[in-house]
């Protein structure tokens with residue numbers, strides 16, 4: 007019989023979320039960026055730059 011403590015349960019949820027996020031991101035890179043991690047990184051950094059610039063102007 008296996009029981010999880012609260013912290014054990016929480017770490018399991020975080021790990022599963024990280025795995026799901028990684029799989030989702032890999033699928034996005036494959037489908038939207040033709041498996042080109044450089045294009046993905048450039049696009050995400052550009053979007054982040056525009057978002058931060060917009061927030062700083064407010």
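Numbering (my numbering), first residue to last: 7 to 64. Positions of the beta carbon are idealized from the N, C-alpha and C atoms, including for glycine.
Per the coordinates, the alpha-carbon of residue 31 lies some 14 Å from the alpha-carbon of residue 22. A straight-line Cα-Cα distance of about 10 Å links residue 58 and residue 51.
The beta carbon of residue 60 lies closer than 8 Å to none in the same chain, with the five residues before and after it left out.
For residue 49, same chain residues with a beta-carbon under 8 Å away, outside a window of 5 residues either side, are 39 in chain order.
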